[in-house]
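**Q** Once you've had a glance at the structure underneath, I'll fire off some questions.
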Amino acid sequence: MSDASKGLSLYNTLTRTKDDFVPIDPLNVRMYVCGPTVYDFAHIGNARPVIVFDVLFRLLRQLYGGSHVTYVRNITDVDDKINARALRDFGDEIASGKLSLNEAIRRVTEKTADQYHKDVATLGCLEPTVEPRATEFVEPRADGKADMITLIERLIERGHAYVAAGEVLFDTASMPDYGQLSKRNLDEQQAGVRIAVDAHKKNSGDFVLWKLSSPEEPGWDSPWGRGRPGWHIECSAMSAAYLGEVFDIHGGGLDLIFPHHENEIAQSRCAHGTDVMANIWMHNGFLQVEGQKMSKSLGNFYSIHELLETETFGGRKWPGEVLRLAMLMTHYREPIDFSVRKLEEAENTLRKWKRAADLAPEVAPQLPAEVVEALSDDLATYAAFQRLTQLANEALDAGGDDNAAAASLKAALAFLGFDVGAAKVDEAAIARAIARRLELIAAKNWAEADRIRDELLAQGVQLKDGKDPATGERVTTWEVKR
5 MSDASKGLSL YNTLTRTKDD FVPIDPLNVR MYVCGPTVYD FAHIGNARPV IVFDVLFRLL
65 RQLYGGSHVT YVRNITDVDD KINARALRDF GDEIASGKLS LNEAIRRVTE KTADQYHKDV
125 ATLGCLEPTV EPRATEFVEP RADGKADMIT LIERLIERGH AYVAAGEVLF DTASMPDYGQ
185 LSKRNLDEQQ AGVRIAVDAH KKNSGDFVLW KLSSPEEPGW DSPWGRGRPG WHIECSAMSA
245 AYLGEVFDIH GGGLDLIFPH HENEIAQSRC AHGTDVMANI WMHNGFLQVE GQKMSKSLGN
305 FYSIHELLET ETFGGRKWPG EVLRLAMLMT HYREPIDFSV RKLEEAENTL RKWKRAADLA
365 PEVAPQLPAE VVEALSDDLA TYAAFQRLTQ LANEALDAGG DDNAAAASLK AALAFLGFDV
425 GAAKVDEAAI ARAIARRLEL IAAKNWAEAD RIRDELLAQG VQLKDGKDPA TGERVTTWEV
485 KR
């Protein structure tokens with residue numbers, strides 16, 4: 005374990021404090037992050053935790069060694085939304101007998117999972133160490149790894165679950181400190197809440213571990229009849245299968261704290277008889293689009309694929325690394341306003357960094373200690389990026405062949421998941437900026453026109469104004485200055 009790892013501190017949702025990170029086993033640092041439910045293409049809100057915990061994965065590998073970090077990110081491929089999507093997309097084939105529902109479900113999940121992998125790779129994310137699928141962990145396994153049915157049986161045996169109306173439910177009252185993560189008082193969730201709807205429950209807060217499937221629904225044989233698992237039990241099984249009963253870090257979005265993560269903790273602790281499920285719980289903040297909550301009804305709901313491949317946001321496609329930087333410019337625990345302006349700012353910043361990194365000599369670069377130190381303070385990306393900008397300024401000022409700042413910058417960019425190939429000139433972006441500047445000049449908005457000129461110059465693009473000899477109209481040419 006390196007000395008730098010002793011300075012790692014992370015905000016723990018469980019304690020509501022920034023805690024020093026002390027791994028259970030420095031030779032096997034273990035992290036679990038909730039992955040996608042693959043019924044549709046991942047949206048930009050899904051992109052944020054993937055990027056945030058990719059940075060943490062990279063940092064842990066730097067501090068403890070790549071072979072000593074196990075990162076598990078699951079895929080949920082059994083879910084009622086998936087069933088509904090399969091019926092929607094393949095209803096005629098199912099009705100005619102050409103496809104079974106299970107085959108239709110597999111087509112939906114394979115297509116969306118494949119797209120998810122392509123999207124997150126374009127965002128610069130490393131593959132997790134293990135990526136289990138929920139359907140592989142429903143029934144007892146030949147390799148003896150934890151599975152959902154066995155966990156549910158154990159919960160029943162220990163008095164933490166019961167069978168009622170064809171369902172197996174977790175008995176929240178059997179766990180005196182239920183609600184520690186979300187700080188929700190169990191008594192406040194009880195009286196009068198959903199009792200009329202869920203009369204078979206002992207307590208209104210009890211949640212489903214197993215539910216019966218109709219002949220038309222996917223299902224597995226179990227001691228309680230043919231059925232399928234509830235949502236929460238999936239992650240308890242998959243995390244235990246690869247990380248053990250207690251592990252180091254569990255991550256996900258803020259929206260998962262309750263009920264998903266709260267119920268994961270309840271199931272896992274009660275099944276295994278442990279005091280905790282994970283020592284540190286980390287959650288990234290919410291995302292809104294142009295100041296509004298992302299919603300299909302508002303027309304501001306975007307998939308990662310749409311941003312990368314279509315011109316639906318800001319009238320253009322966006323490079324994956326620009327999306328990545330825009331996500332990281334706001335601290336992971338803070339809410340983020342995803343906007344065209346933020347993407348443009350990220351693009352300009354990245355262009356300057358790459359132009360400076362392109363001056364790096366062909367030597368083995370040293371990762372700047374200041375970048376590691378900043379990220380070791382609860383992933384303080386803003387402080388890390390300040391150092392990158394300082395290095396870029398130093399590199400551009402220095403020029404020449406022996407440019408240590410450029411080498412350090414290049415190492416930092418590669419470490420953070422950005423492409424460090426030769427800087428490329430985006431001619432289309434320059435053309436758009438020039439056209440906009442000419443519009444501003446025509447409107448006599450000199451200040452904004454100058455801002456665009458100065459912004460391009462900071463990126464190494466120098467403008468030169470002149471007149472078309474035939475028409476007399478103002479024209480602007482440009483060239484890249486090193």
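If you want my numbering, it's the position in the sequence shown, counting the first as 1, plus 4.
All C-beta atoms, glycine included, are put in the ideal place defined by N, C-alpha and C.
Just so we're clear, the structure is a prediction, and the values are computed from it rather than from any experiment.
#1: Are the Cβ atoms of S226 and W214 separated by less than 8 Å?
#2: Find the nearest neighbour of T21 within the set D469, T126, K448 and D381, judged by alpha-carbon distance.
#3: Buried or exposed, going by whether 16 or more other CB atoms sit within 10 Å of the CB of R77?
#4: What does DSSP give as the partner residues of F174 in its beta bridges?
#5: Would you say I308 and H47 are within 8 Å of each other, going by their C-beta atoms?
#6: Quick one: Cα of D202 to Cα of D341, how far?
#7: For the stretch 87-98 against the stretch 140-153, do three or more pairs of beta-carbon atoms, one drawn from each stretch, fall closer than 8 Å, so that the two count as touching?
#8: CA-CA distance, W322 and V344?
#9: Determine the extent of the alpha helix (DSSP H) in which Y120 is found, giving its start and end residues.
#10: Can you list, in chain order, the residues of its chain with a C-beta nearer than 8 Å to that of E315? Leave out the 5 residues immediately preceding and following it.
#11: Give the straight-line distance between the Cα atoms of A435 and E310, rounded to the nearest whole angstrom.
#12: Hey, could you find the ends of the beta strand (DSSP E) G470 is sitting in?
#13: In chain order, what residues of the same chain have a beta carbon less than 6 Å from the beta carbon of S499, not counting five sequence neighbours either side?
#14: So, for F25: in the same chain, excluding its five sequence neighbours on each side, which residues have a beta-carbon less than 6 Å away from its beta-carbon?
#15: Helix, strand or coil: which one does DSSP assign to D24?
#16: Is it the case that the Cβ atoms of E135 and I79 are separated by a distance below 8 Å?
#17: Out of curiosity, what's the CA-to-CA distance linking G229 and P144?
#18: For V56, collect the residues of the same chain with a Cβ closer than 6 Å to its Cβ; drop the 5 residues on either side in sequence, then sort them by chain order.
#19: If you reduce the DSSP assignment to three classes, tell me which class R77 lands in.
#20: Using DSSP with H/G/I as helix, E/B as strand and the rest coil, what is A350?
#21: Quick one: residues in its chain with C-beta nearer than 8 Å to the C-beta of N87, no 5 flanking neighbours on either side, listed in chain order?
#22: Please list the terminal residues of the continuous alpha helix (DSSP H) segment that includes A396.
#23: With DSSP as the reference, label Q271 as helix, strand or coil.
#24: Residues in the same chain with beta-carbon distance under 7 Å from T353, minus the five sequence neighbours each way, listed in chain order, please.
#25: Around the C-beta of G476, are 16 or more other C-beta atoms found within 10 angstroms, so that it is buried, or is it exposed?
#26: Starting from the N-terminal side, write out each stretch of the alpha helix (DSSP H) that is 4 residues or longer and does not extend beyond the stretch 319-385.
#27: May I have the straight-line CA-CA distance separating P369 from A408, to the nearest angstrom?
#28: Counting contacts by CB-CB distance shorter than 8 Å, is A350 in contact with chain D?
#29: Could you say which of A364, A51, T41 and M35 lies nearest to L60 if we only look at CA atoms?
#30: To the nearest angstrom, how far is it from the Cα of P339 to the Cα of Y182?
#31: Consult DSSP for Y68 and reduce its assignment to one of helix, strand or coil.
#32: By Cβ distance, which residues of its chain are closer than 7 Å to K85, with the 5 residues on each side in sequence left out?
#33: Please report the straight-line C-alpha distance between K448 and A364, rounded to a whole angstrom.
#34: What does the alpha-carbon distance come out to for the pair V112 and G256?
**A** On the basis of the supplied data:
#1: Walking along the sequence shown from the start, residue 226 turns up at place 222. Walking along the sequence shown from the start, residue 214 turns up at place 210. Against a cut-off of 8 Å, the Cβ pair of W214 and S226 comes out as a contact.
#2: In the sequence shown, counting from the first residue as 1, residue 21 sits at position 17. The option with the nearest alpha carbon to T21 is D381.
#3: Taking the first residue of the sequence shown as position 1, residue 77 is located at position 73. Buried is the call here.
#4: For the purposes of this step, residue 174 is taken as the residue at position 170 of the sequence shown. According to DSSP, F174 bridges with A165 and F211.
#5: Looking up residue 308 in the sequence shown gives position 304. Looking up residue 47 in the sequence shown gives position 43. Taking 8 Å as the Cβ cut-off, I308 and H47 qualify as a contacting pair.
#6: As a first step, residue 202 is located in the sequence shown; it is residue number 198 there, counting from the start. As a first step, residue 341 is located in the sequence shown; it is residue number 337 there, counting from the start. Cα to Cα, D202 sits roughly 38 Å from D341.
#7: no
#8: Counting from one through the sequence shown, the residue named residue 322 turns up at place 318. Counting from one through the sequence shown, the residue named residue 344 turns up at place 340. When rounded, the distance between both Cα atoms is 10 Å.
#9: By one-based count along the sequence shown, residue 120 stands at place 116. Start and end: L105 to T126.
#10: As a position in the sequence shown, residue 315 is number 311, starting the count at 1. Once the five neighbours on either side are set aside, the close Cβ partners of E315 are K321.
#11: For the purposes of this step, residue 435 is taken as residue 431 along the sequence shown, with counting starting at 1. For the purposes of this step, residue 310 is taken as residue 306 along the sequence shown, with counting starting at 1. Going from the Cα of A435 to the Cα of E310 covers about 23 Å.
#12: Counting from one through the sequence shown, the residue named residue 470 turns up at place 466. Taken as a continuous stretch (DSSP letters only), the beta strand (DSSP E) holding G470 covers V465 to K471.
#13: With the chain running from 5 to 486 in the structure shown, residue 499 is simply not present.
#14: On the sequence shown, residue 25 is found 21 positions in, with the first residue counted as 1. Here the set comprises L12 and L14.
#15: For the purposes of this step, residue 24 is taken as residue 20 along the sequence shown, with counting starting at 1. Residue state, collapsed to three classes: strand.
#16: Walking along the sequence shown from the start, residue 135 turns up at place 131. Walking along the sequence shown from the start, residue 79 turns up at place 75. Yes, Cβ-Cβ distance for E135 and I79 is below 8 Å.
#17: Counting from one through the sequence shown, the residue named residue 229 turns up at place 225. Counting from one through the sequence shown, the residue named residue 144 turns up at place 140. Their Cα atoms are separated by approximately 15 Å.
#18: Position 52 of the sequence shown, counting from 1, holds the residue named residue 56. N288 and Y336.
#19: Taking the first residue of the sequence shown as 1, we reach residue 77 at position 73. Correct three-state label for R77: strand.
#20: One-based indexing of the sequence shown puts residue 350 at position 346. Helix.
#21: Reading the sequence shown from its first residue, position 83 is the one you call residue 87. Excluding sequence neighbours, N87 sits near L105, I109, E221 and P222.
#22: Here residue 396 is taken as the residue at index 392 of the sequence shown, counted from 1. Start and end: T385 to A402.
#23: Here the question's residue 271 lines up with position 267 in the sequence shown. Three-state result, Q271: helix.
#24: Position 349 of the sequence shown, counting from 1, holds the residue named residue 353. Excluding sequence neighbours, T353 sits near L329.
#25: Translated into positions along the sequence shown, residue 476 becomes position 472. So G476 ends up on the exposed side.
#26: 324-332, 344-361 and 373-379
#27: Taking the sequence shown and counting its residues from 1, one reaches residue 369 at position 365. Taking the sequence shown and counting its residues from 1, one reaches residue 408 at position 404. Cα to Cα, P369 sits roughly 8 Å from A408.
#28: Reference to chain D is not applicable here, since this structure consists of a single protein chain.
#29: Against the sequence shown, residue 60 aligns to sequence position 56. Closest option to L60, Cα to Cα, is M35.
#30: Here residue 339 corresponds to residue number 335 of the sequence shown, with the count starting at 1. Here residue 182 corresponds to residue number 178 of the sequence shown, with the count starting at 1. Taking the straight line joining both Cα atoms gives about 27 Å.
#31: As a first step, residue 68 must be located in the sequence shown, where it is residue number 64. Three-state result, Y68: helix.
#32: Translated into the one-based positions of the sequence shown, residue 85 becomes position 81. For K85, where only same-chain residues beyond five positions count, the Cβ hits under 7 Å are T41 and Y43.
#33: Taking the first residue of the sequence shown as position 1, residue 448 is located at position 444. Taking the first residue of the sequence shown as position 1, residue 364 is located at position 360. Roughly 41 Å separates the two Cα atoms.
#34: On the sequence shown, residue 112 is found 108 positions in, with the first residue counted as 1. On the sequence shown, residue 256 is found 252 positions in, with the first residue counted as 1. Roughly 24 Å between the two C-alpha positions.
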